[in-house]
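Each residue of the sequence shown is one higher than the last, beginning at 0 in the working numbering.
All C-beta atoms in this analysis are idealised placements derived from N, C-alpha and C, irrespective of residue type, glycine included.
Please read all numbers here as calculations on a predicted model, not as lab measurements.
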Amino acid sequence: MKPKSCKVEAIGSFGIGEVYGNYTSDHYVYNNKRKTIVEHGRDGIKNITDKYDLISDCPLIEDESGVKFGPMDSDFCGGSIKNISWKNYLLLHKAILNVVRKSGTFWFSSSSYNDMAIVAKFAPSVCEDMLRCI
Numbered sequence: 000m001k002p003k004s005c006k007v008e009a010i011g012s013f014g015i016g017e018v019y020g021n022y023t024s025d026h027y028v029y030n031n032k033r034k035t036i037v038e039h040g041r042d043g044i045k046n047i048t049d050k051y052d053l054i055s056d057c058p059l060i061e062d063e064s065g066v067k068f069g070p071m072d073s074d075f076c077g078g079s080i081k082n083i084s085w086k087n088y089l090l091l092h093k094a095i096l097n098v099v100r101k102s103g104t105f106w107f108s109s110s111s112y113n114d115m116a117i118v119a120k121f122a123p124s125v126c127e128d129m130l131r132c133i
């Protein structure tokens, strides 16, 4: 992967919570050794802080520490999926980006949702359907 400039398409706040380094433990990051997307885990210093998520026109963004990350965490695909193949990740990123571009950035704002438990209940089927339909 060659570095390039990317355009942020949507960014939103998701309240305050536990992070390790820059990420929640279930946020998907790129594992360069395995060439796959994995959960971040509990690597790094644990903090309670504001949580944000974003999506760009690039499938991954590299943070200041060299970690490459995307817009999803494992909750989106059901929590039991701890890693995603690079191929499937690219499909999901493209699908989510298309949805954001067609319908708006509100998907990336917690204020758009009345109950995050409902989101957690239905997001896995959305993830599954996106993978199946693309």
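Bridge partners - residue i, DSSP secondary structure assignment
i	result
HIS92	None; HIS92 has no bridge partner.
ASN21	Its beta-bridge partners do not exist; DSSP assigns none.
GLY136	Within the shown structure, residues of the chain are numbered from 0 to 133, placing residue 136 beyond reach of any answer.
VAL28	VAL37, PHE68
SER84	THR35
ASN46	VAL18
ILE60	PHE68
Environment of residue i [buried if 16+ CB atoms lie within 10 Å]
i	result
PRO58	buried
PHE121	exposed
TYR112	exposed
SER73	buried
ILE83	buried
GLU17	exposed
GLU38	buried
Whole-number beta carbon distance between residue j and residue i, since they are thought to touch under 8 angstroms
i	j	result
ILE148	LEU90	The chain is shown from 0 up to 133; residue 148 falls before or after that span and cannot be answered.
PHE13	TYR51	7 angstroms
HIS92	GLY78	Not really, about 19 angstroms apart at Cβ, beyond 8 angstroms.
TYR19	LYS45	6 angstroms
SER64	CYS5	No, SER64 and CYS5 are not in contact; Cβ-Cβ is about 17 angstroms, not under 8 angstroms.
SER24	GLY11	No, SER24 and GLY11 are not in contact; Cβ-Cβ is about 20 angstroms, not under 8 angstroms.
ILE15	ASP62	The Cβ separation is near 20 angstroms, so there is no contact.
For residue i, the nearest candidate out of the options (CA to CA)
i	options	result
ALA9	TRP106, CYS76, PHE68	TRP106
LYS86	TYR22, ILE15, THR35, ASN21	THR35
ILE95	ASN31, CYS126, LYS3, TYR29	CYS126
TYR29	VAL66, ILE54, LYS6, SER109	VAL66
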